[in-house]
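Scroll down for the structure; my scribbles are underneath it.
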DNA sequence: CTTTAAGCGAGACGGTACGTCACGTCTTTGC
DNA sequence: GCAAAGACGTGACGTACCGTCTCGCTTAAAG
């Protein structure tokens, strides 16, 4: 009743059980991997986590939110899309694109669907998903491209941001459309051509 | 669907009521437009169509299948992505990309989600969706680009297929990511640069 | 039903809502009275009771079981077959038989159909129905007959059980067959004759 | 096409197919025996009979009517309740009662339920059922009792009709209630006592 | 050391929609 | 013009999850 001594909130009552929270997110992640988003049920998560259903709804407003958080907090294993660093930046990008295409095709259809489902109920989730996945990747690619500019492999007048966007568009489209395999190579040809055109033209 | 009526088979019994089929697909389409995929209900479709629920389940195995067919058979109004034809092919493409970005953002999130939902139950549906939407668009773009090549605006050594793929990737990505508005313009800059590089280089 | 709450068992989870149970059985009883067994619907019971359908299926395996329980737990108003007590036991019995004939014709066709329906799925229900309806009535009749024996109106060598059985057979048959009205009177004549024969013969 | 030559009704069109009618009633009877009334379906009857469902509904108004007719027309095998004829009428009656009790218990629960179900939709059916089953039996019993009167075994002042009614009541009640086995014997004792009372008293 | 305030597992609750079954009707082609 | 075939509108069935609401039980801070 009296003012809290702690700087933040007084915090009476039993504190949140961190083990329950972890168990819920793990269960959500593993069910997502096993069954796909639509077939995951809150009751299933509760059962696997050994938790009451209310403990889920106490902390998350909906199924989408739980699964979204499981993804955001790395309970879902996301293949690391590390960018190789050889001498040839175009080889590196092709390797990265191919890995991404496969990775997204396998598990990340679900991740993408989840972020769609989640975002339709909770606008902030899309931002968090973007911050988690898209932005680090952008930074990674941007750094590699900048090196290539420094090394004189790419003309410095081209907007690197734009190239990064195109690369992300390609990997996303290749995963979704399951089109024939040369999407990646072909796209890279165009991008490279543009980048070197500037180079030569400059 | 569309079981071919082999001329040899006598076909006994009451024939399928084409009015019911049409009413169902119309209802599905209109509910999809009104409420979005998740909120469409088979019972709702039946009620709007003035049809028994069983009549739906007699012909389609699931909600996804009905809605998928409604889309494939043009009951869902899809904004026509006509390609303008001015003198400048790059202007034309930018116009097309911007329209597509808006159009897909508006209604086609649903169409994409439907094809995802449907495809997870019925592998052939994805192919049909692709055949219906992606391929005609490809043909359209290809034709326009070919004209531009003939007009000497694009180098004839570049693979036009590749450019078309990139354009489709860009419009899809722009819709999904809701990124800032210059994605389209920037991407087009890169593509154009590549196309004209070949021109100049050749 | 009526799972005895063993004192040792902790009882976890939300307890069964007695108001829901009561509402369901009341609704079942009132619908049975209004519409007859065949026309009662589980969905109707749920709606009238203001209850989810699953709450019914959680506790009873079938429509027959719910309605059976409603009857057994006195939610269905059963006309009291009180036995009048005048000086003349035969007058009393005739009154009782006539009332029973009418009463059973009115509501108890349903009760009998329910017990048939229920018994074909749940053997114990028939026994419970019998215990509830037939046995108290037997006791009532037996007591009255015993008094008549004490009063010297019936020979004490006759088996009163047998007479009671015959009376029940007559009332059941009269209700079911809807035969002409003197069944009851005629039957009573025979029974009386037997009872007094013993009297006189003894 | 041309006018009928027969003296009765002209009868245009294809005449009713007697084989179909027979097949339907046989199928109904056999399904009734196999599955019990509730579990017989019109579609099942049609399938077993090799007949269109409409052919059933053309000639009968409901499931109950078809099955009722199957019973009435002896497609359902009803064990013959022949009355034995020894010197002792009471022995004969006891034998008859016991057979009836068993027979009704075995298959005739269904027949009784059918007649109830049928009668609730089609009042005339009850009369026909009665005419088919109850009346011949009445006649049979009556004849046997009359002989006993003639032979001086039963007093001629008792109303034989009444005794027959009682016997039928007993057999019906014994089958329905599945009571202990001496119902029949006990009841017979009373009836006999009454019959001989008259005899002696007279 | 007692009270008070949550959090917890369990599980019943009112709902919504599902996909199935059977009813009795309607509409074809074939005999 | 009846028969077989089989699609139709209707409506109840029993199941699966949703998100909410108690229970009795911890657990810890406040008094």
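Residue numbers (this note's numbering), protein chains in the order written: chain A, 760 to 961; chain B, 760 to 961; chain C, 760 to 961; chain D, 760 to 961. Each residue gets a CB set at the ideal place from its N, CA and C atoms; glycine is no exception. On a predicted model such as this, the values are computed, not experimentally measured, just so you know.
- Under the Cβ distance rule, residue 890 of chain D does not count among the residues neighbouring chain C, no pair being separated by less than 8 Å.
- Annotated three-state conformation of residue 811 of chain B is coil, per DSSP.
- For residue 770 of chain B, there is no enclosing alpha helix (DSSP H), since its DSSP letter is neither H nor E.
- Within the segment 900-927 of chain B, the residues whose Cβ lies closer than 9 Å to any Cβ of chain A are, in chain order, 917, 918, 920, 921, 922, 924, 925 and 927.
- The segment 872-951 of chain C is shown to contain whole alpha helix (DSSP H) runs of 4 or more residues at 882-888, 894-909 and 919-936, in chain order.
- Interface with chain B (8 Å Cβ-Cβ cutoff): residue 950 of chain A is included.
- Proximity to residue 914 of chain C across C:950, C:927, C:933 and C:833 peaks at C:950, based on C-alpha coordinates.
- Nearest CB-CB separation between residue 953 of chain B and chain A: below the 8 Å threshold.
- Under the 8 Å criterion on CB atoms, residue 848 of chain A is classed as non-interfacial with respect to chain B.
- Closer than 8 Å to the CB of residue 792 of chain D there is not a single CB belonging to chain C.
- Residue nearest to residue 807 of chain D within the set D:821, D:841, D:785 and D:827 is D:785 (criterion: CA-CA distance).
- For residue 778 of chain A, the uninterrupted alpha helix (DSSP H) run begins and ends at 777-794, by DSSP.
- For residue 797 of chain A, there is no enclosing alpha helix (DSSP H), as DSSP gives it neither H nor E.
- Nearest CB-CB separation between residue 821 of chain B and chain A: not below the 8 Å threshold.
- Per the C-alpha coordinates, the member of C:841, C:890, C:829 and C:823 positioned closest to residue 855 of chain C is C:841.
- A direct Cα-to-Cα measurement between residue 945 of chain B and residue 892 of chain B gives close to 25 Å.
- Below the 9 Å Cβ cutoff, chain B contributes 928, 931, 932, 935 and 936 as neighbours of residue 931 of chain A, in chain order.
- No Cβ-Cβ contact shorter than 8 Å links residue 907 of chain A with residue 835 of chain A.
- Between residue 930 of chain B and residue 853 of chain B, the C-beta gap is not smaller than 8 Å, which leaves the two residues out of contact.
- When rounded, the separation of the alpha-carbon atoms in residue 825 of chain D and residue 780 of chain D is 10 Å.
- Residue 844 of chain D and residue 851 of chain D do touch by the CB rule: their CB atoms are close to 6 Å apart, below 8 Å.
- Nearest in C-alpha terms to residue 830 of chain D, of all of D:792, D:811 and D:812, is D:792.
- Separation of the CB atoms of residue 901 of chain A and residue 926 of chain A is rounded to 10 Å, and the pair is thereby denied contact status at 8 Å.
- A distance below 7 Å between beta-carbons, with the five flanking residues on each side excluded, links residue 905 of chain A to the following residues of its chain, in chain order: 919.
- Closest in C-alpha terms to residue 886 of chain C, from the list C:827, C:909 and C:912, comes C:827.
- By the Cβ-count criterion, residue 903 of chain C is buried, with 16 or more other Cβ atoms from all chains shown falling within 10 Å of its own Cβ.
- For residue 942 of chain D, the C-beta contacts it makes with chain C under 7 Å involve 924, in order along the chain.
- If you ignore the 5 residues before and after residue 789 of chain C, its C-beta comes within less than 6 Å of no other C-beta in its own chain.
- Contacts with chain D at 8 Å (Cβ-Cβ) do not include residue 882 of chain C.
- Taking the Cα positions, residue 874 of chain B is about 50 Å away from residue 873 of chain C.
- Residue nearest to residue 924 of chain B within the set B:813, B:896 and B:912 is B:896 (criterion: CA-CA distance).
- Rounded to the nearest angstrom, the gap between the Cα atoms of residue 921 of chain A and residue 942 of chain B is 7 Å.
- Taking a beta-carbon distance threshold of 8 Å, residue 946 of chain B counts as an interface residue toward chain A.
- Sorting A:773, A:809, A:776 and A:799 by C-alpha distance to the C-alpha of residue 821 of chain A places A:799 at the top.
- DSSP places residue 845 of chain C outside both helix and strand once states are collapsed to three, so it counts as coil.
- For residue 831 of chain A, the enclosing alpha helix (DSSP H) begins and ends at 822-831.
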